[in-house]
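Here the structure is laid out as structure tokens; the discussion comes afterwards.
Numbering (the working numbering), first residue to last: 535 to 1522.
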């Protein structure tokens, strides 16, 4: 006869633990896995499958361990929790350890009934993690049921990987390349966005009229918008291609945000790029009333602070310190950003042959622009874009020049001047808009007819003859710079503008940088997934992490176009950037450098080399006008201020006009001295200074003040109390691995990092580690790096409870403690007796697992959840007259060490006495659980204090009885000599 289980009770079936849901009946149980989601719900028939109460059997007095067993077992248990008892429902079930500062947006979100946030933290701080934390928490609470991320196509796979690997959210990609396949799987009348609850959608794909309306009708209740600044327009935006694209995106987001009950997270590192009205329009998407706020008034800024968070690296490099208003530095968290960028501008001079070729190209361009100007506006614009394409390719490489000179111009097919601008501008310019990076590394065309004229073909042939270091001084200079970086232990990325240049460099550099240097090229000819695979292959061939190759002589060099300047995090494999081609917008350089200069970079100093031709007539002027100003603003503010596309285009147009008038011979003359351009340059200067001032104002007046660091510190302490801290996890990993016969090497260098070889460990642990770290690493018994930093690379483990390798170790320790028949070493046992001078009277330590049933009312209905906690309780004396210790004195017992041996019979007697007396202790254990339930209730109310709907209906009920997992007896040292038949303190 099967047992009857009430809703909310816990059962074990199919090798895991489940929560019984209210829909259950005696003959069929509806179950949700502990820590699982609604998608994991299953029906189980007790008549056909074994279902039993999820309780631990009592510990056995014959299975005793040493004095470390209690600590190891507690940590192993807490690491295994998937629904911890802290104030957040999701932190125990994710595979990332958030930094303390990353909890700020989460706390802000939980205080809003409908979450509307603009997250504008600096590049590399972790906006994706912050958004993922909010999404996972809202889904766990039932406040949201479906999720969409809107981003550019180049970022889609990165988002999919982050959500899957870090947050356990399996999202479907909805792109131009996948939509046909997805639509074939739909039922009649079914929407793509109803079928797939979690999606990642290309913003440019979904903004089209055909797909936009279907998306808006079936839009999820939680939407994340990446690079949100590209989805709004200024009120006085022009009619160019870029502004037209932004207007379509803006119209889409206006429709999405119009539903006041929809959660919306807008992410951007540059909320003030562009004009003030664009920033106001961005705020209007968060909440309409924010667009009209008086941001000069304290009330206006306070209102904005509820929805806007923007921090620089300097704000969070050290967080929760006395400088943040805390009483001490006990909770301080230091985040390993590179401290600085070492930057250097490296000039090169053209060879005589290349100078002659460039002079002839400039002469052709001058003649072509002059002739076209007499033919009409359309012909003039086509010629203009063709000339820019020609000159940019010329200064890039002979390979790009040869390709451009024999390829037809994009704009040549235009029927109007406006169409020529729309076709020519994206190809020739360097937009700060990430959505326009895909396909932009193709070498542009300069010919204006199908058959290139004889003059262009002759220039193309001359360019092809200059291939190699003899004719190409730029290539020769690059080789010298790369050798210097490699000699200093760096692994650089070389960024180029065009595909032919990248492929040319990869071919020319092969064999020139040392026999053990591996080189690979990644360009837009590869799909986003193929790009990642190429990078991983290069990393594997060259030995591992940047600066840490298995072979000290092995190095790697990646040649890439701007298809990698956004969307791919490269800090684990590379630590230097060479700008081979000077971009015509400094923001593009920021994007390139941001791939390696971000959280998780092991180098304290990232090196950046910017190459420029001092005699090609173009680079020097762009560097002088755009880059020097950009760097000065960054130095003054400590952050980068994006250069509006119009500003950058205005400067580069002036440079080209100047070049066509003066040729290279005037290259030493300042652009600011050029008649006719001073007024436009002054206007550009004013616009840029205005943008910088707005950014400065934003970072001071509108700084995040909605959540005080003291509030964050309180919740960090609560999370650590429920789930454990970093030091506990490290001590656990070192002790457990050593006890499991792994070879642990702890350098004791103050970093906390260590390595372990698992070749001698039990087969079960080796298999589990191989599944998370890679089979070769374990099979070949190579050293596994364990890092204190959560930002790790492939084949490494982070010393945080959510790391899969740490989870594998904890699972093995816990399983072997529960199963006395496990072969091989068993680091933790459920019982122990130790004689120690750490106590003066007989003291007993109990390891107790508590479970709590939470009722969280939300907009989508009542949510029943279970939280777990593992606590240590201790008492002095005999169980019948127990004197209970406080939490600090109890925790101190974990540090007690054996000071003598304990007689075997005494061990059995002591454990048996305490196990037999557990019913006498039940009252205190239950009372302690009731207090914990009150604390859990208070923590949930505290972090959600502004959300009256959740606070009003919240209920926390402890499940009884609690499970006593371990019993450990500490006996005071006796002066008498121990008898001959004893168990040593290291085994008792």
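Even for Gly, the Cβ is constructed at its ideal location relative to N, Cα and C.
Inset, instruction - Would you identify the three-state DSSP class for residue 646, choosing helix, strand or coil? - result: Mapped onto the chain shown, residue 646 falls at position 112. Coil.
Inset, instruction - Have a look at residue 547 and residue 826 and give me their C-alpha separation to the nearest angstrom. - result: Here residue 547 refers to the residue found at position 13 when the chain shown is read from its first residue. Here residue 826 refers to the residue found at position 292 when the chain shown is read from its first residue. For residue 547 and residue 826, the distance between alpha carbons rounds to 57 Å.
Inset, instruction - Could you check the C-alpha separation between residue 1037 and residue 790 for me, to the nearest Å? - result: Taking the first residue of the chain shown as position 1, residue 1037 is located at position 503. Taking the first residue of the chain shown as position 1, residue 790 is located at position 256. Rounded to whole angstroms, residue 1037 to residue 790 spans 43 Å at the Cα level.
Inset, instruction - Using the DSSP secondary-structure output, state which residues sit across from residue 706 in a beta bridge. - result: As a first step, residue 706 is located in the chain shown; it is residue number 172 there, counting from the start. DSSP, once it has assigned bridges, lists 733 as partnering residue 706.
Inset, instruction - Find the nearest neighbour of residue 1350 within the set 1502, 1299 and 1389, judged by alpha-carbon distance. - result: By one-based count along the chain shown, residue 1350 stands at place 816. In this structure, 1299 is the residue among 1502, 1299 and 1389 with its C-alpha nearest to the C-alpha of residue 1350.
Legend entry - Span of the alpha helix (DSSP H) around residue 1262: Counted from its first residue, the chain shown places residue 1262 at position 728. If you look at residue 1262, you'll find it in the alpha helix (DSSP H) that goes 1260-1273.
Inset, instruction - Could you please give the first and the last residue of the uninterrupted beta strand (DSSP E) stretch that includes residue 918? - result: Counted from its first residue, the chain shown places residue 918 at position 384. Run containing residue 918: none in the beta strand (DSSP E); it sits in the alpha helix (DSSP H), 911-930.
Inset, instruction - Express the C-alpha separation of residue 1028 and residue 1144 in angstroms, rounding to a whole number. - result: Here residue 1144 refers to the residue found at position 610 when the chain shown is read from its first residue. Here residue 1028 refers to the residue found at position 494 when the chain shown is read from its first residue. C-alpha separation (whole angstroms): 10 Å.
Inset, instruction - With a 10 Å radius around its C-beta and 16 neighbouring C-beta atoms as the bar for buried, classify residue 1347 as buried or exposed. - result: Along the chain shown, one-based indexing puts residue 1347 at 813. Residue 1347 comes out buried.
Inset, instruction - Indicate the three-state DSSP secondary structure (helix, strand or coil) for residue 976 in the structure shown. - result: Position 442 of the chain shown, counted from the start, is the residue given in the question as residue 976. It is coil, neither helix nor strand.
Legend entry - Terminal residues of the beta strand (DSSP E) in which residue 1113 lies: To locate residue 1113, count along the chain shown from 1; it is residue 579. Residues 1110-1113.
Legend entry - Per-residue burial, residue 1119 [other beta carbons within 10 Å of its own, 16 or more giving buried]: Within the chain shown, residue 1119 is the residue found at index 585, counting from 1. The Cβ neighbour count for residue 1119, taken over all protein chains shown within 10 Å, is at least 16; the residue is labelled buried.
Legend entry - Closest residue to residue 1019 among 995, 1048, 1031 and 1042 (Cα-Cα distance): Within the chain shown, numbered from 1, the residue matching residue 1019 stands at position 485. Residue 1019 has its Cα closest to that of 1048, out of 995, 1048, 1031 and 1042.
Inset, instruction - Look up residue 1145 in the DSSP assignment and give the residues it is bridged to. - result: The count along the chain shown starts at 1 and reaches residue 1145 at position 611. BP columns for residue 1145 point to 880.
Inset, instruction - Rank 927, 1117 and 958 by C-alpha distance to the C-alpha of residue 937 and give the top, closest one. - result: Here residue 937 refers to the residue found at position 403 of the chain shown. Comparing C-alpha distances from residue 937 to each of 927, 1117 and 958 shows the shortest one belongs to 927.
Legend entry - Straight-line Cα distance separating residue 606 from residue 1412: Stepping through the chain shown from its first residue, residue 1412 is reached at position 878. Stepping through the chain shown from its first residue, residue 606 is reached at position 72. Taking the CA atoms as reference points, residue 1412 sits about 25 Å from residue 606.
Legend entry - residue 1511 burial status per 10 Å Cβ neighbour count (16 or more: buried): Translated into the one-based positions of the chain shown, residue 1511 becomes position 977. Residue placement at residue 1511 is poorly supported in this model, since its pLDDT is 48, which falls under 50; the coordinates are not used for a value here.
Inset, instruction - Could you tell me how far apart the beta carbons of residue 1107 and residue 1025 are, in whole angstroms, since I believe they sit closer than 8 Å? - result: For the purposes of this step, residue 1107 is taken as the residue at position 573 of the chain shown. For the purposes of this step, residue 1025 is taken as the residue at position 491 of the chain shown. Confirmed, Cβ separation roughly 7 Å.
Legend entry - Sequence-distant residues of the same chain with beta carbon closer than 8 Å to residue 725, five excluded per side: Numbered from its first residue, the chain shown carries residue 725 at position 191. Counting only Cβ-Cβ distances below 8 Å, and skipping sequence neighbours, we find 748, 751 and 752.
Inset, instruction - Quick one: using the 10 Å Cβ neighbour count with 16 as the cut-off for buried, is residue 822 buried or exposed? - result: In the chain shown, counting from the first residue as 1, residue 822 sits at position 288. Residue 822 is exposed by the Cβ-count criterion.
Legend entry - Cα-Cα separation, residue 1201 to residue 952: The residue you call residue 1201 lines up with position 667 of the chain shown. The residue you call residue 952 lines up with position 418 of the chain shown. Confidence in residue 1201 is poor, its pLDDT being 47 and thus under 50, which makes the residue's placement too unreliable to answer from.
Inset, instruction - Closer than 6 Å by C-beta to residue 1031: which residues in its own chain qualify, once you throw out the five before and the five after it? Chain order, please. - result: For this step, residue 1031 is matched to residue 497 along the chain shown. Closer than 6 Å at Cβ, skipping near neighbours: 930 and 1115.
Legend entry - beta-carbon residue 1412 near the ligand SAM non-hydrogen atom, thresh 8 Å: In terms of ligand content, the structure shown is empty, and the ligand SAM therefore cannot be addressed.
Inset, instruction - Give me the Cα-Cα distance between residue 1121 and residue 796, rounded to the nearest whole angstrom. - result: Along the chain shown, one-based indexing puts residue 1121 at 587. Along the chain shown, one-based indexing puts residue 796 at 262. One C-alpha to the other measures close to 32 Å.
Inset, instruction - From the DSSP output, in three-state form, read off residue 1353 for me. - result: For the purposes of this step, residue 1353 is taken as residue 819 along the chain shown, with counting starting at 1. Under the three-state reduction of DSSP output, residue 1353 falls in the coil class, being neither helix nor strand.
Inset, instruction - Compute the Euclidean distance between the alpha carbons of residue 522 and residue 1306, then round it to the nearest angstrom. - result: What the structure shows of the chain is the stretch from 535 to 1522, and residue 522 is not part of that stretch, so it cannot be assessed.
Legend entry - Neighbourhood of residue 1523 by C-beta, 8 Å cutoff - its chain only, sequence neighbours within 5 removed: In this structure the chain extends from 535 to 1522, so residue 1523 is not present and cannot be described.
Inset, instruction - Could you tell me which residues DSSP puts in a beta bridge with residue 1365? - result: The count along the chain shown starts at 1 and reaches residue 1365 at position 831. For residue 1365, DSSP records a beta bridge to 598 and 1501.
Legend entry - Stretch-stretch touch, CB-based, cutoff 8 Å, three pairs: the segment 621-637 with the segment 1319-1336: The segment 621-637 makes contact with the segment 1319-1336; the number of CB pairs closer than 8 Å reaches 3 or more.
Inset, instruction - Could you pull out every residue in the same chain whose Cβ sits closer than 7 Å to the Cβ of residue 1474, ignoring the five residues on either side in sequence? - result: Position 940 of the chain shown, counted from the start, is the residue given in the question as residue 1474. Contacts found: 621 and 1488.
Inset, instruction - Tell me the start and end of each unbroken alpha helix (DSSP H) in the segment 1391-1476 that is at least 4 residues and wholly inside, in chain order. - result: Secondary structure remark: continuous alpha helix (DSSP H) runs of at least 4 residues inside the segment 1391-1476, in chain order: 1421-1426 and 1438-1450.
Legend entry - DSSP bridge partner residues for residue 1052 (one or two, in chain order): For the purposes of this step, residue 1052 is taken as the residue at position 518 of the chain shown. In DSSP, residue 1052 forms a bridge with 1090.
Inset, instruction - Following the continuous beta strand (DSSP E) through residue 1279, name the residue where it begins and the one where it ends. - result: In the chain shown, residue 1279 corresponds to position 745, counting from 1. In the DSSP annotation of this structure, the continuous segment of the beta strand (DSSP E) that includes residue 1279 starts and ends at 1277-1279.
Legend entry - Same chain, Cβ closer than 6 Å to residue 1080, five either side skipped, listed in chain order: Taking the first residue of the chain shown as 1, we reach residue 1080 at position 546. Note that residue 1080 scores 44 on pLDDT, short of 50, meaning its location in the model is unreliable; the coordinates nonetheless yield the value given after this. Contacts found: 1025, 1107, 1108 and 1109.
Legend entry - Limits of the alpha helix (DSSP H) - the one that residue 1245 falls within: Counting from 1 along the chain shown, the entry for residue 1245 is found at position 711. Judged by DSSP secondary structure, residue 1245 falls within the alpha helix (DSSP H) whose first and last residues are 1243-1257.
Legend entry - Simplified DSSP state of residue 717, which is helix, strand or coil: The sequence position of residue 717 within the chain shown is 183, counting from 1. Residue 717 falls in the helix class under three-state DSSP.
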